[in-house]
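Line by line, the protein sequences are chains A and B.
In terms of this note's numbering, the first sequence has 234 at position 137, counting the first letter as 1, and numbering is strictly consecutive.
In terms of this note's numbering, the second sequence has 128 at position 123, counting the first letter as 1, and numbering is strictly consecutive.
Backbone N, C-alpha and C fix where the C-beta goes; we use that ideal spot for every residue, glycine too.
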Amino acid sequence: MKVLVGVKRVVDYAVKVRVQNKSVDLNNVKMSLNPFCEIAVEEAVRLKEGKQADEVVAMSIGPKQCTETLRTALAMGCDRAIHVSTDLRTDYIDLQPYAIAKIFEKVVEQEGSDLVLLGKQGIDSDCGQTGPMLAGFLGWPQVTFAANVEAKDGGIQVERETDAGTETINIPSLPAVVTCDLRLNEPRYATLPNIMKAKKKKVDTIDADSLGVDLEAHNEVLEVFEPAQRKEGIMVEDIDQLLDKLKNEAGVLA
Amino acid sequence: MIGVVPQGGNTGLTGGSVPLECEVVLSLENLRDIHSLDPTTGILTCDTGCILQNLLDFAAARDHLVPVDLGAKGTCQIGGNISTNAGGSFYFRYGSLHANIVGLEVVLANGDILNMGCTPANLKDNTGYDMKHLFIGAEGTLGVVTRAALLCPRLPSSRCTTLLACDSFDDVLNVLEVAKKSMGEILAAFEFIDGPTMNLVCQSRSKPLPFPSFQDCPYYLLVESHGSCEEHDQAKMDKFLNTLFDEDYVVDGIIASSLKQMNEMWYLREACNPSCVSRGYVYKYDLSLPIPEFPRFIEQLKEALSDSSLCSLDFFNWGHVIDGNLHCNIVCRDNFELNSSLKERIEHYVFEGVKGRGGSMSAEHGLGQQKRKYMPKLHRPETLSKMHDIKYIFDPNGILNPGKYLPQDYRCFERVP
Chain A
98 MKVLVGVKRV VDYAVKVRVQ NKSVDLNNVK MSLNPFCEIA VEEAVRLKEG
148 KQADEVVAMS IGPKQCTETL RTALAMGCDR AIHVSTDLRT DYIDLQPYAI
198 AKIFEKVVEQ EGSDLVLLGK QGIDSDCGQT GPMLAGFLGW PQVTFAANVE
248 AKDGGIQVER ETDAGTETIN IPSLPAVVTC DLRLNEPRYA TLPNIMKAKK
298 KKVDTIDADS LGVDLEAHNE VLEVFEPAQR KEGIMVEDID QLLDKLKNEA
348 GVLA
Chain B
6 MIGVVPQGGN TGLTGGSVPL ECEVVLSLEN LRDIHSLDPT TGILTCDTGC
56 ILQNLLDFAA ARDHLVPVDL GAKGTCQIGG NISTNAGGSF YFRYGSLHAN
106 IVGLEVVLAN GDILNMGCTP ANLKDNTGYD MKHLFIGAEG TLGVVTRAAL
156 LCPRLPSSRC TTLLACDSFD DVLNVLEVAK KSMGEILAAF EFIDGPTMNL
206 VCQSRSKPLP FPSFQDCPYY LLVESHGSCE EHDQAKMDKF LNTLFDEDYV
256 VDGIIASSLK QMNEMWYLRE ACNPSCVSRG YVYKYDLSLP IPEFPRFIEQ
306 LKEALSDSSL CSLDFFNWGH VIDGNLHCNI VCRDNFELNS SLKERIEHYV
356 FEGVKGRGGS MSAEHGLGQQ KRKYMPKLHR PETLSKMHDI KYIFDPNGIL
406 NPGKYLPQDY RCFERVP
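Following this line, the structure appears as structure tokens:
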């Protein structure tokens with residue numbers, strides 16, 4: 098089984114972002130591996146360790162700093178990496194899921210991948226669309242929000258989380274696209290010897306423009322703004338005041 | 006005469022804010038306005054009841070960093086930090102509060118308000134005796150600190166944290182040498198945690214170390230860099246780590262690849278103290294020692310206490326090793342009562358061990374109630390006499406935090422025995 102894992106370089110989830118010039122200010126901001134992609138990498142590496150996958154290839158789209166993100170994926174255990182190089186922003190402002198899925202489609206065809214593992218969404222754009230769109234373009238079965246993946250008899254069995262509960266989906270034969278959710282696994286730390294080894298692993302760079310894919314943004318971003326500031330709470334003196342506020346100000350008591 | 010005990014966040018470790026008898030407790034918690042952060046100079050002016058974490062958040066939102074950072078930051082107040090001259094994890098990089106406090110406003114025992122370079126605050130001001138330094142670390146015995154002007158450096162845009170495991174203390178010393186040489190100006194923190202402590206922390210949180218390959222190592226190091234350019238810092242980090250591996254100074258290590266991992270690593274370090282406390286009564290010592298002497302000091306202490314038939318003792322050690330600061334903790338397993346005779350014995354050996362090595366009995370935690378008794382053994386009579394003179398100038402009636410800090414002196418009124 099040849100696995101392709103999507104690895105997105107995003108603003109670190111712990112950063113408090115600021116809005117500048119109708120988009121999120123990326124200047125000097127800490128960037129990291131998208132947490133859901135990290136889970137996808139971990140799952141791919143486990144498939145390899147379980148001898149179900151023969152090769153795991155990590156792929157990232159973005160500027161040259163993506164090679165750093167790919168280095169982390171390689172240190173976690175991927176065999177090699179592909180960097181699709183572009184200076185277009187990947188947080189929905191420039192490149193959008195349609196184009197991203199098209200890029201993935203090209204790479205999948207070139208690589209001959211059997212299984213594509215993606216994070217369920219990027220924490221910058223929060224779209225969750227790349228996986229399903231890619232499956233559509235490839236004409237492959239898809240399972241999203243995977244909480245458990247088991248390779249079985251040439252296919253995979255995936256448990257997916259929904260608001261109503263967990264459903265188990267059996268894909269009798271590959272290829273397939275799976276997007277990974279939080280409870281799928283806990284990603285390993287990259288240990289230093291593996292980080293050293295990762296430097297020797299192959300990273301191929303492909304220019305996004307050379308893929309023959311339409312990279313245009315088809316949706317226009319009209320506005321980007323910070324959520325309204327929460328009003329500060331107040332301390333009340335006693336229960337009577339509390340009841341008064343709940344009744345007459347908040348209107349939550351009859 | 007009524008004594009007054011100023012209180013901040015009550016996270017002090019030497020009992021300095023605990024009233025002894027009938028003192029009035031003066032809480033600074035309502036003095037919590039943050040006044041300004043000058044974007045050009047980085048001077049942050051605030052009331053001293055501000056919680057350190059709030060100051061850190063305020064400064065970070067304005068691209069600056071408060072130079073003192075400790076595990077208690079969610080609760081401690083900057084006034085307490087100033088009054089104890091708190092050190093913290095980035096002392097090596099940003100210096101002590103003596104270096105970073107630009108000005109202080111202090112209310113004296115007689116009600117006088119001293120404005121020592123606080124409003125307005127200038128980075129350089131050589132117009133008179135720099136008295137604010139007396140109040141930094143005075144633990145509320147000379148005056149109540151009410152407002153501070155604190156110099157904050159720019160928030161580092163590049164932070165890199167690694168957790169390393171070493172086989173021996175000699176390797177710890179080697180790693181320290183390599184860190185200073187190859188990381189140089191970007192080195193910000195260098196903490197150590199010994200094996201038993203790391204095991205205790207992992208047990209307490211019921212989670213194993215996030216890197217199974219290096220369980221049960223005798224020493225763990227948390228090393229962090231702060232810089233202004235991720236690319237440059239990565240290159241320095243790479244050089245540092247390559248040397249460690251080429252020379253075999255580390256068993257293994259991990260680098261944080263996200264803020265979440267960075268916080269997890271710091272969590273391990275910050276959980277050392279709480280994990281100990283849950284184990285039994287902790288005999289806690291905060292010492293300065295020559296760094297190469299750490300293991301010998303601990304060994305000798307263990308030997309001296311090995312015949313203790315009173316209780317099963319566990320030794321947990323961690324600290325800001327780069328500053329020569331050892332947090333030595335001896336715990337009486339599953340026994341939560343203070344044993345005074347055991348305490349006396351332990352303290353005797355700790356004192357001898359530190360004195361013999363020219364160290365300090367209180368590196369950063371201060372004197373409070375617990376360490377004032379050492380003062381006559383630590384300082385010459387003429388030095389102590391001058392300290393008492395100063396106390397008398399600022400607080401002739403001895404009402405500020407009586408029974409703490411300085412040992413008893415015939416000139417100072419003390420209502421408590």
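Does residue i come within less than 8 Å of chain B when only Cβ atoms are used?
i: residue 288 (chain A); result: yes
i: residue 122 (chain A); result: no
i: residue 259 (chain A); result: no
i: residue 110 (chain A); result: yes
i: residue 130 (chain A); result: yes
i: residue 353 (chain A); result: Chain A is shown only over 98 to 351; residue 353 (chain A) falls outside these bounds and no answer can be derived.
i: residue 334 (chain A); result: no
i: residue 276 (chain A); result: no
List the residues of chain B that residue i touches, going by C-beta distances under 7 Å, in chain order.
i: residue 127 (chain A); result: 264
i: residue 169 (chain A); result: 262
Can you list the residues of chain B that residue i reaches, using a CB-CB cut of under 8 Å?
i: residue 292 (chain A); result: 246, 260
i: residue 302 (chain A); result: None at all; the shortest Cβ gap to chain B is about 18 Å.
Just the chain A side, please: which residues come within less than 8 Å of residue i by C-beta, in chain order?
i: residue 424 (chain B); result: Since the first residue shown for chain B is 6 and the last is 422, residue 424 (chain B) is missing from the structure and cannot be characterised.
State yes or no: is the beta carbon of residue i nearer than 8 Å to at least one beta carbon in chain A?
i: residue 257 (chain B); result: yes
i: residue 23 (chain B); result: no
i: residue 346 (chain B); result: no
i: residue 162 (chain B); result: yes
i: residue 10 (chain B); result: no
i: residue 421 (chain B); result: With a pLDDT of 47 at residue 421 (chain B), under the threshold of 50, the predicted position of this residue should be treated as unreliable, though the coordinate-derived value follows. No, residue 421 (chain B) lies away from the interface with chain A (no Cβ there is under 8 Å from its Cβ).
In the DSSP output, which residue or residues are listed as bridge partners for residue i?
i: residue 11 (chain B); result: B:31
i: residue 262 (chain A); result: A:259
i: residue 290 (chain B); result: B:333
i: residue 121 (chain B); result: B:109
i: residue 69 (chain B); result: B:159
i: residue 177 (chain A); result: A:154
i: residue 228 (chain B); result: B:167, B:195
i: residue 365 (chain B); result: B:293
i: residue 285 (chain B); result: B:338
i: residue 327 (chain A); result: BP columns for residue 327 (chain A) are empty, so no partner.
i: residue 128 (chain A); result: A:108
i: residue 4 (chain B); result: Since the first residue shown for chain B is 6 and the last is 422, residue 4 (chain B) is missing from the structure and cannot be characterised.
So, under 8 Å CB-CB, residue i and residue j are touching, yes? Tell me the CB distance rounded to an integer number of Å.
i: residue 88 (chain B); j: residue 144 (chain B); result: 5 Å
i: residue 333 (chain A); j: residue 121 (chain A); result: Not confirmed; about 38 Å, so no contact.
i: residue 150 (chain A); j: residue 137 (chain A); result: The pair is not a contact, with the Cβ atoms about 13 Å apart (cut-off 8 Å).
i: residue 310 (chain A); j: residue 199 (chain A); result: 4 Å
i: residue 258 (chain B); j: residue 168 (chain B); result: 6 Å
i: residue 30 (chain B); j: residue 12 (chain B); result: 6 Å
i: residue 372 (chain B); j: residue 9 (chain B); result: Between residue 9 (chain B) and residue 372 (chain B) the Cβ distance is about 18 Å, and since that is not below 8 Å, they are no contact.
For chain D, is any of its Cβ atoms less than 8 Å away from the one on residue i?
i: residue 281 (chain B); result: Protein chains A and B are contained in the structure displayed, whereas chain D is not.
Below 7 Å, is the gap between the Cβ of residue i and the nearest heavy atom of the ligand NAP?
i: residue 128 (chain B); result: As presented, the structure is devoid of all ligands, the ligand NAP included, so that no description of it is given.
query: Should the segment 208 to 226 of chain A be regarded as contacting the segment 120 to 133 of chain A, the criterion being three or more beta carbon pairs within less than 8 Å?
result: yes
field: Stretch pair the segment 291 to 302 of chain A + the segment 157 to 173 of chain A: three plus CB contacts closer than 8 Å
entry: yes
message: Quick test of the definition: if touching needs 3 or more C-beta pairs under 8 Å, does the segment 193 to 201 of chain B touch the segment 285 to 293 of chain B?
response: no
query: If we count Cβ pairs, one from each stretch, closer than 8 Å, do we get three or more for the segment 335 to 343 of chain A versus the segment 51 to 64 of chain B?
result: no
message: Counting beta carbon pairs with one atom in the segment 318 to 335 of chain B and one in the segment 262 to 279 of chain B, are three or more of them shorter than 8 Å?
response: yes
- request: Flag this pair as touching only if the segment 146 to 164 of chain B and the segment 200 to 214 of chain B have three or more C-beta atom pairs under 8 Å; answer yes or no.
  value: no
message: Does the structure place the segment 167 to 186 of chain B close enough to the segment 248 to 264 of chain B that three or more beta carbon pairs sit under 8 Å?
response: yes
- prompt: Does the pairing of the segment 68 to 82 of chain B with the segment 121 to 132 of chain B give three or more beta-carbon distances under 8 Å?
  reply: no
- prompt: Would you say the segment 174 to 189 of chain B touches the segment 45 to 52 of chain B, given that touching needs at least three Cβ pairs under 8 Å?
  reply: no
message: Using a Cβ distance threshold of 8 Å, determine whether the segment 88 to 108 of chain B contacts the segment 33 to 40 of chain B, with at least three qualifying pairs required.
response: no
- prompt: Are there three or more Cβ pairs, one per stretch, closer than 8 Å when the segment 182 to 199 of chain A is compared with the segment 255 to 272 of chain A?
  reply: no
message: Taking contact to mean 3 or more Cβ pairs, one atom from each stretch, closer than 8 Å, check whether the segment 154 to 168 of chain A and the segment 103 to 111 of chain A are in contact.
response: yes
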